[in-house]
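Going by my numbering, the sequence shown opens with residue 9, and the numbers climb by one from there.
The structure appears below as structure tokens.
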Amino acid sequence: MGPEKNGAGRFRAFTSRDLDGLLRRMGLSGEERLGLRAVAAVLPFRTNAYVVDEVIDWSAAPDDPIFRLTFPQVGMLPAPDLKQMAGLIAGEAPAAEVRRAAHEIRMRLNPHPSGQLDANVPVHEGRRLEGLQHKYPETVLVFPRPGQTCHAYCTYCFRWPQFVGEPELRIATDDMASTTAYLRAHPEVTSVLVTGGDPLVMSAEVLRRTVEPLLGIDSVQSIRIGTKSLAFWPYRFVTDRDADDLLRLFAQVAESGRNLALMAHFTHPQELRPAVVREAMRRIRDTGAVIRCQGPLVRGINDSAEAWAGLWSETTRLGAVPYYQFVERDTGPQGFFGVPLARGYRIFRDAYAQVTGLARTVRGPVMSAMPGKVSVDGITEVGGEKVFVLHLIQARDPALVNRPFFAAYDEDATWFTDLKPAFGASQFLPGLDAT
Ligand SMILES: *Cc1c(COP(=O)(O)O)cnc(C)c1O
Numbered sequence: 009m010g011p012e013k014n015g016a017g018r019f020r021a022f023t024s025r026d027l028d029g030l031l032r033r034m035g036l037s038g039e040e041r042l043g044l045r046a047v048a049a050v051l052p053f054r055t056n057a058y059v060v061d062e063v064i065d066w067s068a069a070p071d072d073p074i075f076r077l078t079f080p081q082v083g084m085l086p087a088p089d090l091k092q093m094a095g096l097i098a099g100e101a102p103a104a105e106v107r108r109a110a111h112e113i114r115m116r117l118n119p120h121p122s123g124q125l126d127a128n129v130p131v132h133e134g135r136r137l138e139g140l141q142h143k144y145p146e147t148v149l150v151f152p153r154p155g156q157t158c159h160a161y162c163t164y165c166f167r168w169p170q171f172v173g174e175p176e177l178r179i180a181t182d183d184m185a186s187t188t189a190y191l192r193a194h195p196e197v198t199s200v201l202v203t204g205g206d207p208l209v210m211s212a213e214v215l216r217r218t219v220e221p222l223l224g225i226d227s228v229q230s231i232r233i234g235t236k237s238l239a240f241w242p243y244r245f246v247t248d249r250d251a252d253d254l255l256r257l258f259a260q261v262a263e264s265g266r267n268l269a270l271m272a273h274f275t276h277p278q279e280l281r282p283a284v285v286r287e288a289m290r291r292i293r294d295t296g297a298v299i300r301c302q303g304p305l306v307r308g309i310n311d312s313a314e315a316w317a318g319l320w321s322e323t324t325r326l327g328a329v330p331y332y333q334f335v336e337r338d339t340g341p342q343g344f345f346g347v348p349l350a351r352g353y354r355i356f357r358d359a360y361a362q363v364t365g366l367a368r369t370v371r372g373p374v375m376s377a378m379p380g381k382v383s384v385d386g387i388t389e390v391g392g393e394k395v396f397v398l399h400l401i402q403a404r405d406p407a408l409v410n411r412p413f414f415a416a417y418d419e420d421a422t423w424f425t426d427l428k429p430a431f432g433a434s435q436f437l438p439g440l441d442a443t
């Protein structure tokens, strides 16, 4: 598997149909392959020739972090579910039966945590605007329908229900007229985040249908694009047929007097190794866009201070700005990928202590929880009680932003809902409950 196979610039996806063949190339036994195919029948699987040929270090597989980033692992499903799916696949059960079993397993995996489907959907003139999320006053998320896939899927994806053929769980819109009407009626929204999926799976022409209407709204000061394409398909910005057109669209946003922020999802410094990534980042920055980097802390992939210090240092060297380190959400395979908050905090601190101040723009570990973005700031002792120190970086209720609060220390807590107020209090803050 050498880079020459990729024929730099031609995108080629691998899906669950190709999984068995890819795993055979790795020399996995029939039983091992069956387990991974069972996982891929429930959770999304997609990778591509660039990731396979240029980013994964096959000499380190199956422990290689990028292998684990895109290839299923048996621990991702609860053991009884894995056994059931493997049995159905081995027994060549009818497709409808496999689909039904997969659906039932998915519904038990908390597909939309933190009120994703309901709590954040804005209402305009009595109508719910599906495909938008408005949780914090100044930012609206837009999920353009043609952007609801990715160049490859991360095994730990928190938006996994977008990609598994469960249409009623999909968040998406085609309706830019209602979107712009809503934004005009809400001048407090200064930032629009175009997200997915990955909006950069769309052609420049289709992306322009989402971005250009925003340039006519004075109150919108910044446009963000959430993307994993720098890690999964950097040729998007270099050799794709419409790469120059895409970069012109970025430049057009900057020329309109707005900030274009490419919110780049990076997981591991190994993703920054191919020369084409650096070339892509240079071309993006040349348009006046800013690249900000974020990603979750994931067990077995990047749960070390070296990985994070490497990621923040390398991205800073390349002119990008470290933004958030997320805690893996309480959905899908979180039981497999989650890192306890206490351990996550220590990893963050040890990495943060190693990097230049230029990279200490990063905040984390951060939980995107029901009340807002909760940062785990420290572990300390107050009046003889061991506690977590936390604060909300963003909150549904802006009155709660940036006020320190305390939770009883719990070595095993993995999510906000596992925490209890310290000192026997009934609330974390007035108006902030342990829910
Ligand atoms: C993180 C997030 C935002 C953006 O918050 P910033 O702190 O401005 O990056 C907006 N909406 C939702 C739902 C979010 O999770």
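We treat Cβ as the ideally placed atom computed from N, Cα and C, and that holds for glycine.
Around the CB of F431, fewer than 16 other CB atoms lie within 10 Å, so the residue is classed as exposed.
Distances from the CB of K236 to the heavy atoms of ligand 1 are all 7 Å or more. Cα atoms of D226 and V395: separation of roughly 45 Å, rounded to the nearest angstrom. Of the residues assessed, S37 falls on the exposed side of the cut-off, its CB having fewer than 16 other CB atoms within 10 angstroms. For S376, the shortest separation between its Cβ and any heavy atom of ligand 1 lies below 7 Å.
Judged by DSSP in its simplified three-state form, P152 adopts strand. Residue state for R411 is assigned as coil, using DSSP reduced to three classes. Spatial neighbours of P145 in its own chain (CB-CB distance under 6 Å, excluding positions within 5 residues in sequence) are listed in chain order as E196. Annotation for A94: L42, G43 and A46 place their beta carbon closer than 7 Å to its own, counting only its chain and skipping 5 residues before and after. Taking a 10 Å sphere around the C-beta of H399, we find 16 or more other C-beta atoms and assign the residue as buried.
Taking 4 residues as the minimum length, the alpha helix (DSSP H) runs contained wholly in the segment 250 to 326 are 251 to 263, 283 to 293 and 313 to 325, in order along the chain. A Cβ-Cβ distance of about 7 Å is found for the pair M289 and G327, placing them in contact under the 8 Å criterion.
About 6 Å separates the Cβ atoms of P348 and A421, confirming a contact at the 8 Å cut-off.
Straight-line measurement puts the Cα of A127 at about 29 Å from the Cα of H159. The segment 229 to 247 and the segment 262 to 270 touch, with no fewer than 3 CB-CB distances between them shorter than 8 Å.
DSSP, read as helix, strand or coil, puts D426 in helix. Ranked by how close their Cα comes to the Cα of G352, the residues D385, S67 and A297 have D385 in first place. One Cα belongs to Q435, the other to F414, and the distance between them is close to 10 Å.
DSSP, reduced to helix, strand and coil, places E389 within a strand of the structure shown. Nearest to G134 by alpha-carbon distance, out of A189, S24 and Q156, is A189.
In this structure, ligand 1 has no non-hydrogen atom nearer than 7 Å to the beta-carbon of Y190. Within a 10 Å sphere around the beta-carbon of V63 sit 16 or more other beta-carbons, which makes this residue buried. Between P80 and T339, the C-beta gap is not smaller than 8 Å, which leaves the two residues out of contact. Residue burial annotation: T364 is exposed, with fewer than 16 other C-beta atoms found within 10 angstroms of its C-beta. Shortest Cα-Cα distance from W423 to any of L280, S376, V59 and L85 involves S376. Under DSSP, no beta-bridge partner is assigned to R404.
The Cβ neighbour count for M210, taken over all protein chains shown within 10 Å, is at least 16; the residue is labelled buried. A straight line joining the alpha-carbon of T369 with that of P330 spans about 6 Å.
Going by beta carbons, G372 and F345 fall outside the 8 Å limit.
Per DSSP, the continuous beta strand (DSSP E) segment holding K143 begins and ends at L140 to Y144. Here H111 is exposed, its C-beta having fewer than 16 other C-beta atoms within 10 Å. Cα atoms of P207 and R293: separation of roughly 18 Å, rounded to the nearest angstrom.
Apart from the 5 residues on each side of it in sequence, R300 sits with its Cβ closer than 6 Å to the Cβ of A269, M271, V329 and Y331 in its chain, given in chain order. When Cβ pairs closer than 8 Å are counted between the two stretches, the segment 52 to 67 is seen not to touch the segment 318 to 327, the count staying below three.
The bridge partners DSSP lists for F22 are T55.
DSSP, reduced to helix, strand and coil, places Y332 within a strand of the structure shown.
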